[in-house]
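>
There are 4 protein chains.
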Amino acid sequence: MLRYLNAGESHGKGLMAVLEGVPAGLPLTAEMINGDLARRQGGYGRGGRMRIEKDQIEFYCGVRKGKTLGNPLGLMIRNRDWDNWQDVMAAEPGPPSVERVVTRPRPGHADLVGAMKYGHRDIRNVLEKASARETAIRVAIGAVAKTLLAEFDVRVVSYTIRIGSVVAPRVDDYVEAFERAEHSQVRCADAVASEKMIEHIRSAKHKGDSLGGVFEVVVTNPPIGLGSYAQWDRRLSARLAMAAMSIQAMKGVEIGMGFESAQRFGSEVHDDIYPSEIQPGFERRTNNAGGLEGGITNGQPVILRVAMKPIATLYQPKNSVDIQTKEPFEATVERSDVCTVPAAGVVGEAVIAYEMANAMLEKFSGDCVDEMKRNFAAYQEYVKNF
Amino acid sequence: MLRYLNAGESHGKGLMAVLEGVPAGLPLTAEMINGDLARRQGGYGRGGRMRIEKDQIEFYCGVRKGKTLGNPLGLMIRNRDWDNWQDVMAAEPGPPSVERVVTRPRPGHADLVGAMKYGHRDIRNVLEKASARETAIRVAIGAVAKTLLAEFDVRVVSYTIRIGSVVAPRVDDYVEAFERAEHSQVRCADAVASEKMIEHIRSAKHKGDSLGGVFEVVVTNPPIGLGSYAQWDRRLSARLAMAAMSIQAMKGVEIGMGFESAQRFGSEVHDDIYPSEIQPGFERRTNNAGGLEGGITNGQPVILRVAMKPIATLYQPKNSVDIQTKEPFEATVERSDVCTVPAAGVVGEAVIAYEMANAMLEKFSGDCVDEMKRNFAAYQEYVKNF
Amino acid sequence: MLRYLNAGESHGKGLMAVLEGVPAGLPLTAEMINGDLARRQGGYGRGGRMRIEKDQIEFYCGVRKGKTLGNPLGLMIRNRDWDNWQDVMAAEPGPPSVERVVTRPRPGHADLVGAMKYGHRDIRNVLEKASARETAIRVAIGAVAKTLLAEFDVRVVSYTIRIGSVVAPRVDDYVEAFERAEHSQVRCADAVASEKMIEHIRSAKHKGDSLGGVFEVVVTNPPIGLGSYAQWDRRLSARLAMAAMSIQAMKGVEIGMGFESAQRFGSEVHDDIYPSEIQPGFERRTNNAGGLEGGITNGQPVILRVAMKPIATLYQPKNSVDIQTKEPFEATVERSDVCTVPAAGVVGEAVIAYEMANAMLEKFSGDCVDEMKRNFAAYQEYVKNF
Amino acid sequence: MLRYLNAGESHGKGLMAVLEGVPAGLPLTAEMINGDLARRQGGYGRGGRMRIEKDQIEFYCGVRKGKTLGNPLGLMIRNRDWDNWQDVMAAEPGPPSVERVVTRPRPGHADLVGAMKYGHRDIRNVLEKASARETAIRVAIGAVAKTLLAEFDVRVVSYTIRIGSVVAPRVDDYVEAFERAEHSQVRCADAVASEKMIEHIRSAKHKGDSLGGVFEVVVTNPPIGLGSYAQWDRRLSARLAMAAMSIQAMKGVEIGMGFESAQRFGSEVHDDIYPSEIQPGFERRTNNAGGLEGGITNGQPVILRVAMKPIATLYQPKNSVDIQTKEPFEATVERSDVCTVPAAGVVGEAVIAYEMANAMLEKFSGDCVDEMKRNFAAYQEYVKNF
């Protein structure tokens, strides 16, 4: 079973995580992870900070000579701008760095509730952690999970399907769509829609406004039988929904036909089962279920769509109240992204990959990759002959 | 912290659960729970079985003289039809009750994947547990949670906002809407929409088809500060999404403005903060966030909408394949509900109430209700003066 | 992974538990469990209540036709004396059954601290749950675990090695010792020591006093590689110690040479490794480690010794203070056992079996017993060729 | 609730941990932690490596201007000898550093079982993690926990009571004993016994042998009511035992009178309850229970004794078998400590402090220290008037 805890303030020394339960013998290099870190930092609509960051993973421990040890992994992403923040964010006792004290909560952020919850009078103590900066380390964790999944030919891909009012056409071939999306500045598989999305973002930026959107995450080639209906918290559908909604700024998630299925007749929704034409066993010719029946993978691609609200920080002011003076003010801009849906898709891949890898380990176990593969192969053989 | 495990097959002796962590001294009677059990069984569109069931809670342990003991609660709901099933479902070794062996998986159910996962050749072993019958015991657990929440004037309500193609108008006053919905056969707050929904269900039934829909769950009067951004799995938004998606047949969940917020500009989405006019402190005049910022309650009502797919069992046949003969067939009807969205809302209340009660206990702790209230009151005083 | 929650007051309707994670297809009958329940109730030195109880397991759910379903198991042990307690312990609201209100805490029990913690003025609310009566349901859970372990030829046995000042000679052959102990009234493998123990108990009873003792639990034939040093809470040694110390009245636990190893030189303690003479691989000729190195099983028998304090309820009075009147008094007798070490050994087997079964599932996984066995067999083959 | 995961190989870049759940506003400086890190490294009987290490904590995140933020803490202890190991332990892919490959398992270590479990052919992959080097980061975590406990006047102290055959006299005043022990090279409170212990170690070293021993950990001034009998895994006695036994090389643990209570009559063991003479309420004049009744603190000091086996690495050879050649050999020395019981006591304090802090948070909750103190104070007032 995988577990992790992450830590780190946005402008602190960096982000870190301990990831426990990765089997021994998994080939793992920084390149594998840095690719996803770079993908998270890209996308049309990002503001200035992304250029500073250039995230790089450091394996602090748990990997040796390019392979995991079965020990917990120590993952770190250093803050390349730390020099400019080391006084403000110093761990050592000292007076507050007055010019950086924040007393003005931004609507749409955790600022006000975080300060109340934790008893902070300097809202910086909240925003440094609640910020989406944290997703960088989650992308790193997800990249490890993807590497493990790849050993079983399972892939997790994503692409943007909506930004604001612009919707991309429906995708048929997920991997192909993903590959096209990787060449789009907004991570959208459709060239025309990409152009419109970029234009939409440009226009929002001009108005000092921001945009959200929807991305789709797809798990291709999952084995049959991950997750369980045996207890509510083992349903993979529930776990995937939790993972998706744990990403900053996500406000909705759906699986397969999702909300649309609520509008349809049952006869239009449920996927028929047929004898397989190309191999022993069963097949489905539609995938309205999004790969999950009874909280369990059915071997079809697992499909989620996740809705992101617009970035909460706007040039265009919002009303708020200073927690010190209790005076109203118009909320300031801390950062200047206009739209981060392209990045959010990469984060979405990461959190879903983590859950999938965990579900694989629950089903196939294994202290080293060879053991896991051995168990997996025997099960696949069994399934084929079911 | 609350924990529970539940158990029980649909046609077994009954359902049961152990619920751990309820503080001592909570007034609790069977009536409080039976009300919700009855609500779950109601609604236009249910088939025959509901009439048999008439669920009643039994406190096996953990409650004495009408109050909780701080000990784990043992909850049971007996199967009133057990006499007719005791041979088929007997725990004792014996030959299978041949006439009840199921080898024909129904599309849209866990039947096929469950059999493969667990190695069952009799699909009854799957359907007995994966069935939504299990939600009865979850409603009981949720009713206990609601009783605890009520001590803090927190309520959890729900109502139907869509069945198939029929949508109800938007609700303004949640509690009033709930109360109206309680008098609707489809648990919809709007009388006109209710009528249309009933007609829609009647028509679907006539065609041998089924319908899904969407319900809204609202938590009124939550304290500020439940949940946390400090670690991904402590975000209340994520936990609530997991809870909602752990219900059988749910395919989507959204919080506050949800998927719609992905279509809007940021300036239209984020809720301004104002000085409170009626008390010291802060207020918001909109609630697009659905009561959650940064994964933490902000004191506004918590609002979720949950999409349910149509019932998977249809009179109108679906294609499937017998797992024994490997022959195709047209899928049979095991039960005859047409639409269970009204019931699903009650289940939605239950799972959300459970998560809210848990979040309350995490924040306010307390081995007995008095201690929890003492901690709560002192915190509310602190918040007022923040 | 196994999980369970149990519930039940001593004089309530009964005890119950939900046990989650048992693989499907495990043969399981009430007889297998009732044997251990009877063993727990036996032993020289028990008072009157044991004769009433005659515990019998009921499978409420999770078992069908003599096999587990992969669903959670619902286990129940009814209180055969419930008729006499149904008013006192009624769940329904009502006045306290005055004659049964307890305000006098017994030294050595949870009575006083439990009342303070939970805010009870009637100590009965504490003693009904804190009592060792709860161990009956844990024995049932352990018996399920033993049944699973037996599929892999792993056994968990116990025997008494000390009662008060009487010590049994050291055991060489664990299974043989166990079988002899099963014929001893004090569950001691040595006939002479058994006699002395019985005499010691008889003498203590005569004085109105009570006795504790030490039992040994041994897991025979465990596979190599259960548990892990990779994170503190995965060390099997730690988990087994927790399990042992979670039993009511246990005050010490040791593994292998235990406390004695603290007195010896390293050269006398560590077990040499030799090439195996009878099979490919390695062997040890001593087992001072008690089968665990680095928190991991090494294939040798796992050996624990657990110390039980004397029964806290004595005919011979102890000083205490009434929580209502605040007056001192001499503590009363609620029950009349003199020594329950023989029973405690059976409970010890149960809790250790549970942890071992869980460790097996972590290593070998498997949704059904066949899958678990397949993974196990392949691993054993690998180990043989290491 | 506290959670942590730690990571790090002995000769890697360093050790790290993420510690989650520490309330905001706790004053915390590196000095507070470095003191315990130094204590762990001290003691007569240590070999050469300790002089290299000179552990220093680094707060990577979670602490700002000398106070915790409510965010997860990132803790790091760098390996000061990393320069000499960076090739051998490099994360990057590359050929094994042949001269450092270990194929010879040491008896008494995890070497052989770890290699088998994880599929390693280089035992270095095992020993780097299973080593007691890991306890340094646990000491750091424990020091944070102690700092939190200190806010409530709860202290955790330890001292050595046995090394090999030398036993110290019984302690009456725990804190005084602790303070004396802090000036002893073997952390023993008694000057005469200290001398004998040192001589015993010197003699063992001369023979190329090693020694273990026993230390006592005491929690002074715990509040009444931590832990619970309500579910087996909530018993504080069980959790403390798990914590103690999770330390490398520990083979036994006992609470209060421990194993000795198994030898005594009940009338000699259970602690009488008296009306308090100095304050309202109750008092006990003995503490054979070691501060825990029914798995719950009773307000008396919590007392554990923990047995450590001798260091497994000896100059004096042990028999073993090379995993590559399958040839027998005499086991080599990797490090040269003779006795680390003095250090183990410091580790014991740490793991017990962690569990106590966790139990405090479960009972008193609080997102910031002020909230926790407020809840605590109100409870203490309630207890006084019980």
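Protein chains in written order, with my numbering: chain A, 1 to 386; chain B, 1001 to 1386; chain C, 2001 to 2386; chain D, 3001 to 3386.
For every residue, glycine included, the Cβ atom is placed at its ideal position computed from N, Cα and C.
Just so we're clear, the structure is a prediction, and the values are computed from it rather than from any experiment.
Mind reading off the beta-carbon distance from Gly258(A) to Ala1110(B)? Whole number of angstroms is fine, and I expect it under 8 angstroms.
Ala1110(B) and Gly258(A) do not touch by the CB rule: their CB atoms are close to 19 angstroms apart, not below 8 angstroms.
> For a contact defined as C-beta to C-beta under 7 angstroms, what are the partners of Glu3199(D) on chain A?
Ordered by position in chain A, no residue passes the 7 angstroms Cβ test against Glu3199(D), which lies about 39 angstroms from the chain.
> Along the chain, where does the beta strand (DSSP E) containing Thr2220(C) start, and where does it finish?
Gly2213 to Thr2220
> Spell out a yes or no on whether the region 294-312 of chain A and the region 1004-1016 of chain B are touching, meaning 3 or more CB-CB pairs, one atom from each, closer than 8 angstroms.
Verdict: no, contact absent.
> Should Glu3355(D) be flagged as near chain A, meaning a C-beta pair shorter than 8 angstroms?
no
> Suppose you measure from the CA of Leu1127(B) to the CA of Thr2068(C); what does that come to, to the nearest Å?
15 angstroms
> Please check if any C-beta of chain B sits within less than 8 angstroms of the C-beta of Lys3373(D).
no
> Applying the criterion that 16 or more other CB atoms from any shown protein chain within 10 Å of the CB defines a buried residue, is Gln3231(D) buried or exposed?
buried
> Helix, strand or coil: which one does DSSP assign to Glu389(A)?
With chain A covering 1 to 386 only, the question about residue 389(A) has no answer from this structure.
> So which of Ser1194(B), Arg1239(B), Ala1189(B) and His1200(B) has the shortest CA-CA distance to Glu1216(B)?
Ala1189(B)
> Using a Cβ cut-off of 9 angstroms, pull out every chain A residue sitting near Gln1316(B), in sequence order please.
Phe265, Gly266 and Ser267
> Closer than 9 angstroms by beta-carbon distance: list the chain C residues that pair up with Ala378(A), in chain order.
Glu2371, Arg2374, Asn2375 and Ala2378
> Establish whether the CB of Arg2285(C) and some CB of chain B are separated by less than 8 angstroms.
Taking Cβ atoms only, chain B never reaches closer than 8 angstroms to Arg2285(C), which makes this a no.
> Nearest chain D C-beta to Ala2030(C) closer than 8 angstroms, yes or no?
no
> According to DSSP, which residues form a beta bridge with Ala1017(B)?
DSSP lists Asn1006(B) and Leu1075(B) as partners of Ala1017(B).
> Are the C-beta atoms of Asp3111(D) and some chain B residue less than 8 angstroms apart?
It does not: the Cβ of Asp3111(D) has no partner Cβ on chain B nearer than 8 angstroms.
> Based on DSSP bridge pairs, tell me the residues matched to Ile3067(D).
Ile is not the amino acid found at residue 3067(D); the sequence shown has Lys there. Partner(s): Pro3027(D) and Arg3064(D).
> At what residues does the alpha helix (DSSP H) containing Gly1252(B) begin and finish?
Note, Gly1252(B): premise wrong, no alpha helix (DSSP H); beta strand (DSSP E) at Met1250 to Ile1255.
> Assuming Val3218(D) and Met3356(D) form a contact by the criterion Cβ under 8 angstroms, report the distance between their Cβ atoms to the nearest whole angstrom.
Going by Cβ atoms, the distance from Val3218(D) to Met3356(D) rounds to 11 angstroms, so no, they are not a contact pair.
> Quick one: measure Cβ to Cβ for Val3018(D) and Leu236(A), integer angstroms, because I've assumed they're closer than 8 angstroms.
No, Val3018(D) and Leu236(A) are not in contact; Cβ-Cβ is about 26 angstroms, not under 8 angstroms.
> Rounded to a whole number of angstroms, what is the C-alpha to C-alpha distance between Ala2238(C) and Val2154(C)?
20 angstroms
> What's the C-alpha gap between Leu211(A) and Ile198(A)?
11 angstroms
> Would you mind sorting Arg1202(B) into buried or exposed? The rule is 16 or more other CB atoms within 10 Å of its CB.
exposed
> Would you mind stating whether Tyr3044(D) and Pro3310(D) have Cβ atoms separated by less than 8 angstroms?
no
> For Gly62(A), I'd like the list of residues in its chain whose CB is within less than 7 angstroms of its CB, leaving aside the five on either flank, ordered along the chain.
Thr68, Leu69, Asn71, Pro72, Leu73 and Gly74
> Between the region 2088-2107 of chain C and the region 245-252 of chain A, do three or more beta carbon pairs fall short of 8 angstroms?
no
> With C-beta atoms as the reference, is Arg162(A) less than 8 angstroms away from Val214(A)?
yes
> Assuming Val1302(B) and Val1144(B) form a contact by the criterion Cβ under 8 angstroms, report the distance between their Cβ atoms to the nearest whole angstrom.
Not a contact, Cβ separation roughly 19 angstroms.
> Of all the residues that make up the region 51-75 of chain A, which are near chain C by a beta-carbon distance shorter than 7 angstroms?
Gly70, Asn71 and Pro72
> Which same chain residues, not among the five before or five after Ile2323(C), have their C-beta less than 8 angstroms away from its C-beta?
Thr2103, Arg2104, Pro2105, Leu2112, Ala2115, Arg2121 and Ile2123
> Taking all protein chains shown into account, decide if Gly35(A) is buried (16 or more other Cβ within 10 angstroms of its Cβ) or exposed.
exposed
> In this structure, how does DSSP classify Asn319(A) when only helix, strand and coil are distinguished?
Of the three classes helix, strand and coil, the one that applies to Asn319(A) here is strand, per DSSP.
> Can Asn2288(C) and Ser2267(C) be called in contact, C-beta distance under 8 angstroms?
no
> Across the region 375-383 of chain A and the region 2359-2379 of chain C, are there enough close Cβ pairs to call them in contact, namely three or more that are closer than 8 angstroms?
yes
> I want to verify the contact list: residues of chain C whose CB lies under 7 angstroms from the CB of Val3383(D), in sequence order.
Met2116
> For Gly1225(B), collect the residues of the same chain with a Cβ closer than 7 angstroms to its Cβ; drop the 5 residues on either side in sequence, then sort them by chain order.
Ile1296, Thr1297 and Lys1363
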